[in-house]
Amino acid sequence: MQYHYEDFPAGRTHDLGRERLTAADITDYARRFDPMPFHLSEETARSSPFGGLVASGWHTGAVVMGRFVRTLLADSACQGSYGMDEVRFLQPVRPGDELAAHAEVEAAEPHHKRPGTGVVSFLVTAANQDGAQVYRMRTRLLFARRTAATATGAGSARAERGAT
5 MQYHYEDFPA GRTHDLGRER LTAADITDYA RRFDPMPFHL SEETARSSPF GGLVASGWHT
65 GAVVMGRFVR TLLADSACQG SYGMDEVRFL QPVRPGDELA AHAEVEAAEP HHKRPGTGVV
125 SFLVTAANQD GAQVYRMRTR LLFARRTAAT ATGAGSARAE RGAT
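Using the working numbering, you'd call the opening residue of the sequence shown number 5 and step up by one each time.
Spelled out as C-alpha cells, the structure:
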C-alpha cells in the first residue's frame, strides 16, 4: 500500500488530476440520479436560471470523489470515512468544463481509541479551466499507521487503560 496515516501531515496537498465533462456525461448522470430539467436538456435549460445545461452538483461531487479515490485512497491503508462535514456546489459546471481537483490535509491526529490508526481531515476542492472554484468538500478518514511501532506511546497507553 502506498499511503498510510504518516503520509498525510497537516498542510500537505495532493493534485488529484483533471477530468472534462461532456454534455452526454451530464445528461446521462442526470437521467439516472438527478433528473432536474436543467440537467437533462440544453433546450429546456436555456430558460432556467442557469441559462444552459449544467451538471448536477452531485455529479460534480462524484467526479471529484472518483479522482480522490483513484489518486489517493484506492492504494492506501484507508479504513473508511466518518462522512462529509461540508459539501458545497460553488459554481455551475457546464459541458466542456475541465475540473482540476486537489486535496489538502487540514489535520491529522492519532485515533484516541485505536493506536494503530489515525484520523486525517481533508479539504477536497475542484476548479474549472478558468480557475473558478466549483466544488468544496471536507471529510475525515481513518487510516492504518505504517507500523505498530509508530502507534506506541500515549495513545496506546490510553487505550490499554480503557480511556475514551
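Glycine is no exception: its CB is placed at the ideal position from the N, C-alpha and C atoms.
If you count every other CB in all the chains shown that lies within 10 Å of the CB of Phe37, and 16 or more means buried, which is it?
Mapped onto the sequence shown, residue 37 falls at position 33. Exposed.
With H, G and I counted as helix, E and B as strand and the rest as coil, what does DSSP make of His18?
Here residue 18 refers to the residue found at position 14 of the sequence shown. In the three-state reduction of the DSSP assignment, His18 falls in the strand class, which pools E and B.
Tell me whether Arg165 is buried or exposed, calling it buried when 16 or more other Cβ atoms sit within 10 Å of its Cβ.
Here residue 165 refers to the residue found at position 161 when the sequence shown is read from its first residue. A caution first: Arg165 carries a pLDDT of 35, below 50, which makes its placement in the model too unreliable to give a value.
Taking the Cβ atom as the reference point for each residue, do His18 and Ala107 lie within a distance shorter than 8 angstroms?
Translated into positions along the sequence shown, residue 18 becomes position 14. Translated into positions along the sequence shown, residue 107 becomes position 103. Between His18 and Ala107, the C-beta gap is smaller than 8 angstroms, which places the two residues in contact.
Please name the residue in Tyr139, Trp62, Ser80 and Ser45 whose C-alpha comes closest to that of Thr31.
Here residue 31 is taken as the residue at index 27 of the sequence shown, counted from 1. Selection Tyr139, Trp62, Ser80 and Ser45 evaluated against Thr31 yields Ser45 as nearest (Cα-Cα).
Enumerate in chain order the residues of its own chain whose CB-to-CB distance from Leu145 is below 6 angstroms, with the five nearest sequence positions on each side excluded.
Looking up residue 145 in the sequence shown gives position 141. Counting only Cβ-Cβ distances below 6 angstroms, and skipping sequence neighbours, we find Cys82, Ser85 and Val124.
Looking at the structure shown, is Met141 part of a helix, part of a strand, or coil, going by DSSP?
Along the sequence shown, read from residue 1 onward, the residue named residue 141 stands at position 137. Note: Met141 maps to strand in three-state DSSP.
What beta strand (DSSP E) runs, 3 residues minimum, are completely inside the segment 13 to 62?
Scanning the segment 13 to 62 from its first residue to its last, the whole beta strand (DSSP E) runs of 3-plus residues come out as 17 to 24.
Within this structure, are the beta carbons of Gly120 and Phe93 separated by less than 8 angstroms?
Here residue 120 is taken as the residue at index 116 of the sequence shown, counted from 1. Here residue 93 is taken as the residue at index 89 of the sequence shown, counted from 1. Going by C-beta atoms, Gly120 is not nearer than 8 angstroms to Phe93.
Pairwise C-alpha distance: Arg74 and Arg24
For this step, residue 24 is matched to residue 20 along the sequence shown. For this step, residue 74 is matched to residue 70 along the sequence shown. About 16 angstroms.
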